[in-house]
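>
2 protein chains.
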Amino acid sequence: MDRETPRSGATLHDVAREAGVSLATASRAINGSTRKVNDEYRRRVLDAAARLDYSPNLSAQAVARGATMTVALLVADIADPYFSGIAAGVVREADHEGLIVTMAATGRDAARELELVRTLRGQRPRVMILAGSRHTADREPALADELAAFEANGGRVAFVGGHDLPFRTVLVENADGADALARTLAGIGYRRFAAIAGDTGLTTSDDRLAGFGAGLAASGLALDPGRIVRSDFTRDGGYDGMRQLISAGLDDIDLVFAVNDVMAVGALSALREAGFEPGRDVAVAGFDDIPTVRDVTPTLTTVRIPLDEVGRRALRRALDGDAPDAAGAVPTEVVLRASTPPIIGH
Amino acid sequence: MDRETPRSGATLHDVAREAGVSLATASRAINGSTRKVNDEYRRRVLDAAARLDYSPNLSAQAVARGATMTVALLVADIADPYFSGIAAGVVREADHEGLIVTMAATGRDAARELELVRTLRGQRPRVMILAGSRHTADREPALADELAAFEANGGRVAFVGGHDLPFRTVLVENADGADALARTLAGIGYRRFAAIAGDTGLTTSDDRLAGFGAGLAASGLALDPGRIVRSDFTRDGGYDGMRQLISAGLDDIDLVFAVNDVMAVGALSALREAGFEPGRDVAVAGFDDIPTVRDVTPTLTTVRIPLDEVGRRALRRALDGDAPDAAGAVPTEVVLRASTPPIIGH
DNA sequence: GGTATCTTGGATAACGTTTTCCATCCCACC
DNA sequence: GGTGGGATGGAAAACGTTATCCAAGATACC
């Protein structure tokens, strides 16, 4: 069976020879080209392909066709449920389109991100999706240039979440969602707030914080800037943030708003470890509605983002021509749970 | 600036022309080939490349070199923290090696998985990592054939977790870990057990269950087969499983062992919803040590698997020649937390 | 029955790289 | 100062596809 080179799989050439047809015919038979090919020939080709265990070389196809079937996805951290939720959506939509997803993690490092974009661009993906949260002030001309070059050569870029770069974006109602959350909380009796946020300049964090402030303002309340602690955009960041709040004294705080769920969950644990009962002693709310928040105690009030949908939309948005304003921002929804019980006597 | 074809990026040809050198020289200057190239020329080439915003076409390189820089990763569900943890490890190690990861989700469907393997094989990845949990009885000759063909052509396959296919594997101490867990729990006073498991035939589930049984047996205890409920290998599966146990009556059950953490977390929520206090009324233990379990209440006793390490090892194992037995199984560690308090009066 | 018109298979030229080979050039050595 | 040999640049042949032509056979039309 291994008469000549068992090495390095059968090529289309081999299939054509085996089937006794020309290379062109074999190619036409195997991918459904526009050209019609005789049923007998097609059968012979397909048989030969099966017999030789032929697998078309995607790289070769890519260079011949001048187009790949891949989409590149950049996230900050794959293990973070926010990003893995989005990634799942991207992958789902991608393979609905017959596209292959290549994934990379920036670790929230702008330099690394730029480097990855450069590398990934070499892949000539159809689409490049950037889902890390961005710094506004970033002023990243290098990144913008790289992406612009990518688009100039026929690629599509899609961002998830706000940024000030001139590319397609799937907007999430961060400000509006946080605004609605604040109003709702005010509506059920909360008055004295603190917040755990990411670094200033991180658009997601800023938008949510601003929205929350606006929502409070609309209810005649305010978020004291002195009550905003800054820390990492991670579970441990939330934990640390809450510890700061605790050591500064929780006495005149009803509710702590963490700008995302992983932080909120960390905050919950910090509270409990310090002997507080979250929800009773102090309320906590988050943002994202990652799966975990249904299973913590108390279950967490949050603003739901359909993560999977965000991922799918990002791909769609990049793929579908220049749909001008494409359905607007992804709507969010306030989900009240046990971590923010209505305040009695309100 | 856009004199001729601004379309479809600069090619190495263009760079060579711009630099006034031959194609060969340009190629040698840009990738660090063995051949030496005059510093002056190299500089000119590099300058030209920068000026033209040249990005090497990875597909073309792949076909010319006969090898790609990609690794393909198949998981059951990207949003599941178990898999995203492993994926993060794979990606980390991959980009340490300058490799690009393409990711696909099987949704735990064998047919889909086979299809994905076929497609991904076309990519000619250096490595293919399969991390879904497998059915033993699967008898999946088609999958085995496809993977064998892939290896015959120079690819490497690595599985994560047990299976009965003849490929490299990163083994996790599923049985031993569960055994140790059972002994530990017996040691702190638990006597009457129930379990929530996945379908029979799912190796991960089977191994853990068997190990748990063995550990109990070693302590003179037993897991009544009638107390094993079967359900999906997901959070909701755990939730449903626990509901079944609850409706069958929890009276003579001290502790429920869920074969993985997401199920355990679901089980916790089911308990709480039914008015039980997990840890006090009935203890719960899981397996995996996903990040979430530190943040649920009570914190969950589990068997720790270094997920990231598993992912990294899978890639290493595939890459590093035929390291025969390669460091054995990934060690696990029992982590006792609040969901299994020592039983008083023991 | 002769000429247009469709079909459809086959050569062959791309596609953007890398990698042989050659061809020079330069240096040294005796 | 001629010859051997180590550098190093260039032309051209791969790599595995697809797509553009051509040619030849079949069909149809008057």
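In order, the protein sequences belong to chains X and L. Using the numbering used here, you'd call the opening residue of the first sequence number 1 and step up by one each time. Using the numbering used here, you'd call the opening residue of the second sequence number 1001 and step up by one each time. Ideal Cβ positions, reconstructed from N, Cα and C, are used throughout, including at glycine.
Evaluate L/L1012 with the Cβ neighbour count: other Cβ atoms within 10 Å of its Cβ, from every protein chain shown; 16 or more gives buried, anything less gives exposed.
Its Cβ being crowded by 16 or more others within 10 Å, L/L1012 is buried.
> Beta-carbon within less than 6 Å of L/M1263's beta-carbon, same chain only, minus the 5 sequence neighbours each way: which residues are those?
Counting only Cβ-Cβ distances below 6 Å, and skipping sequence neighbours, we find I1196, G1237, G1238.
> Comparing C-alpha positions only, which one of L/R1313, L/I1343, L/S1339 sits nearest to L/V1160?
Selected option, being the one with the closest Cα: L/R1313.
> Taking 7 Å as the cut-off, decide whether the C-beta atoms of X/R317 and X/V170 are in contact.
Closer than 7 Å, so yes.
> Just by C-beta distance, which residues in the region 87-113 of chain X are closer than 8 Å to chain L?
Flagged, chain order: A87, A88, V91, R92, D95, I100, V101, T102, M103, A104, A105.
> Can you say whether X/T5 is buried or exposed, counting buried as having 16 or more other CB atoms within 10 angstroms of its CB?
Annotation note: pLDDT 40 at X/T5 (below 50); position unreliable, coordinate value reported separately. X/T5 should be labelled exposed.
> So which residues of chain X does L/D1014 contact, with C-beta pairs closer than 7 Å?
By Cβ distance, chain X contributes nothing, its closest Cβ being about 12 Å from L/D1014, past 7 Å.
> Work out the CA separation of L/G1009 and X/A180 for me, nearest whole Å.
In a straight line, the C-alpha of X/A180 is about 46 Å away from that of L/G1009.
> Is the beta carbon of L/G1122 closer than 7 Å to that of X/P56?
Yes, these two residues count as a Cβ contact at 7 Å.
> Grab me the residues of L/G1279's own chain with a C-beta within less than 8 Å of its C-beta, minus the 5 sequence neighbours each way, in chain order.
Closer than 8 Å at Cβ, skipping near neighbours: P1298, A1338, S1339, T1340, P1341.
> Give a yes or no on whether 7 Å exceeds the smallest Cβ distance from L/I1078 to chain X.
Chain X contact via Cβ: present.
> List, in chain order, every chain X residue whose beta-carbon is nearer than 8 Å to that of L/G1201.
Near L/G1201 there are no residues of chain X at all, since even the closest Cβ is about 26 Å away, more than 8 Å.
> Under a three-way DSSP split, which group does X/A111 fall into?
X/A111 falls in the helix class under three-state DSSP.
> Here's the rule I'm using: 16 or more other beta-carbon atoms within 10 Å means buried, otherwise exposed. How should X/E173 be labelled?
When all chains shown are included, X/E173 counts as buried.
> What is the rounded straight-line gap between the Cα of X/K36 and the Cα of L/S1133?
Each residue's Cα considered, the two are about 43 Å apart.
> What residue range is occupied by the uninterrupted alpha helix (DSSP H) comprising X/A318?
Start and end: 307-319.
> Taking all protein chains shown into account, decide if L/I1344 is buried (16 or more other Cβ within 10 angstroms of its Cβ) or exposed.
L/I1344 comes out exposed.
> From L/A1152 to L/R1124, what distance separates their C-alpha atoms?
Distance between the alpha carbons of L/A1152 and L/R1124 is about 12 Å.
> Mind listing, in chain order, the continuous alpha helix (DSSP H) runs of no fewer than 4 residues lying wholly within the region 1172-1237 of chain L?
Whole alpha helix (DSSP H) segments, 4+ residues: 1174-1187, 1203-1218.
> With 7 Å as the threshold, decide whether the Cβ of X/T340 is near any Cβ in chain L.
Not closer than 7 Å to any Cβ of chain L, the Cβ of X/T340 fails to qualify, so no.
> Under a three-way DSSP split, which group does X/F150 fall into?
Correct three-state label for X/F150: helix.
> Does L/V1037 come out as helix, strand or coil in the three-state DSSP assignment?
L/V1037: coil per DSSP, three-state reduction.
> Under 6 Å Cβ to Cβ from X/G215, same chain only, skipping five residues before and after it: list those, please.
Once the five neighbours on either side are set aside, the close Cβ partners of X/G215 are D179, A182, R183.
> Just by C-beta distance, which residues in the region 289-308 of chain X are closer than 7 Å to chain L?
Listed in sequence order: P291, T292, R294, D295, V296, T297.
> Quick check on X/R51 - is its C-beta less than 7 Å from some C-beta in chain L?
Chain L, which has no Cβ nearer than 7 Å to the Cβ of X/R51, makes this no.
> What are the start and end residues of the alpha helix (DSSP H) that includes L/R1126?
Looking at the DSSP string, L/R1126 is not in any alpha helix (DSSP H), and its letter there is neither H nor E.
> List, in chain order, every chain X residue whose beta-carbon is nearer than 9 Å to that of L/P1056.
Result: G122.
> Does DSSP put L/D1261 in a helix, a strand or coil?
Correct three-state label for L/D1261: helix.
> List, in order along the chain, the chain L residues whose C-beta lies closer than 7 Å to that of X/S133?
Those within 7 Å of X/S133 in chain L number zero; the least Cβ separation is about 18 Å.
> Sort out for me which residues DSSP pairs L/H1135 with in a bridge.
For L/H1135, which the question treats as bridged, DSSP gives the partners L/L1202.
> Comparing the C-beta of L/G1161 with each C-beta of chain X, is any distance below 7 Å?
Closer than 7 Å: no.
> Report yes or no: is there a C-beta of chain L within less than 7 Å of the C-beta of X/N38?
So, not an interface residue.
> Indicate whether at least one CB of chain X lies closer than 7 Å to the CB of L/G1237.
Cβ-Cβ to chain X under 7 Å: no for L/G1237.
> Assign X/D47 to one of two classes, buried (16 or more other C-beta atoms within 10 Å of its C-beta) or exposed (fewer than that).
X/D47 should be labelled exposed.
> Can you tell me whether L/E1277 is buried or exposed? The criterion is at least 16 other CB atoms within 10 Å of its CB, across all chains shown.
Label assigned to L/E1277: exposed.
> Would you please state the rounded distance, in angstroms, between the beta carbons of L/L1114 and L/L1143? I believe it to be under 8 Å.
L/L1114 to L/L1143, Cβ: 5 Å. Contact.
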